[in-house]
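Heads up: the sequence shown is residues 99 to 264, going by my numbering. Contents: one structure, followed by commentary.
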Amino acid sequence: MGAGKTTLGKAFARELGVPFIDLDWYIEERFHKSIRELFIERGEASFRELERTMLHEVAEFEDVIISTGGGTPCFFDNMEYMNGCGQTVFLDVHPDVLFRRLRVATQQRPILQGKTDEDLRAFIVEALEKRAPHYGKASYRFDAGLLESRRQISESVQKLRALLGV
Numbered sequence: 099m100g101a102g103k104t105t106l107g108k109a110f111a112r113e114l115g116v117p118f119i120d121l122d123w124y125i126e127e128r129f130h131k132s133i134r135e136l137f138i139e140r141g142e143a144s145f146r147e148l149e150r151t152m153l154h155e156v157a158e159f160e161d162v163i164i165s166t167g168g169g170t171p172c173f174f175d176n177m178e179y180m181n182g183c184g185q186t187v188f189l190d191v192h193p194d195v196l197f198r199r200l201r202v203a204t205q206q207r208p209i210l211q212g213k214t215d216e217d218l219r220a221f222i223v224e225a226l227e228k229r230a231p232h233y234g235k236a237s238y239r240f241d242a243g244l245l246e247s248r249r250q251i252s253e254s255v256q257k258l259r260a261l262l263g264v
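Here it is in structure tokens:
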């Protein structure tokens, strides 16, 4: 959350001339409900099964850039599956940058509502520590700390192209 998956993913897909798919948006469109609603209705275990099924569905598409939710790589064999289907990139962002980005978005993100600055910092650090073993399995690690302007996004797209050799 806040790493720039959508910002960088859309710009990268546009640069390559391929479709961009945000897995969360894809799920919401397919089920006509928000991720939050699906999570509440089904519970986490059932939601994660649904997410896995949808991941397998979009992975069948050719020549696409797919952005997953931050939890997706952490369940089942999702990370290994993604690595088998294409090139995976972990967008590595320093916790201070994530804090700055997420601090202004607490009202739009239900999981962050009501958190104090201290709570938000602790949430970020805890989530990163918990997910690090899964994120570390990505084929590539990319510093996505500089996505604050069009120039930075454009430069990041070029760096990502070089990293992936595309």
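No residue lacks a Cβ here, since even glycine has one placed at the ideal position from N, Cα and C. All of these numbers come straight from a predicted model, not from anything done at the bench.
Beta carbon of residue i nearer than 8 Å to that of residue j
{"i": "residue 121", "j": "residue 99", "result": "no"}
{"i": "residue 185", "j": "residue 132", "result": "no"}
{"i": "residue 50", "j": "residue 137", "result": "Outside the displayed range of the chain (99 to 264) lies residue 50, so it cannot be described from this structure."}
{"i": "residue 162", "j": "residue 119", "result": "yes"}
{"i": "residue 254", "j": "residue 262", "result": "no"}
{"i": "residue 242", "j": "residue 106", "result": "yes"}
{"i": "residue 182", "j": "residue 229", "result": "no"}
Buried/exposed call for residue i, threshold 16 Cβ in 10 Å
{"i": "residue 104", "result": "exposed"}
{"i": "residue 101", "result": "buried"}
{"i": "residue 171", "result": "buried"}
{"i": "residue 159", "result": "exposed"}
{"i": "residue 252", "result": "exposed"}
{"i": "residue 125", "result": "buried"}
Backbone CA spacing between residue i and residue j [nearest angstrom]
{"i": "residue 116", "j": "residue 110", "result": "9 Å"}
{"i": "residue 226", "j": "residue 177", "result": "16 Å"}
{"i": "residue 249", "j": "residue 147", "result": "39 Å"}
{"i": "residue 149", "j": "residue 204", "result": "24 Å"}
{"i": "residue 165", "j": "residue 217", "result": "26 Å"}
Whole-number beta carbon distance between residue j and residue i, since they are thought to touch under 8 Å
{"i": "residue 222", "j": "residue 258", "result": "Actually they are not in contact, since the Cβ atoms of residue 222 and residue 258 sit about 23 Å apart, beyond 8 Å."}
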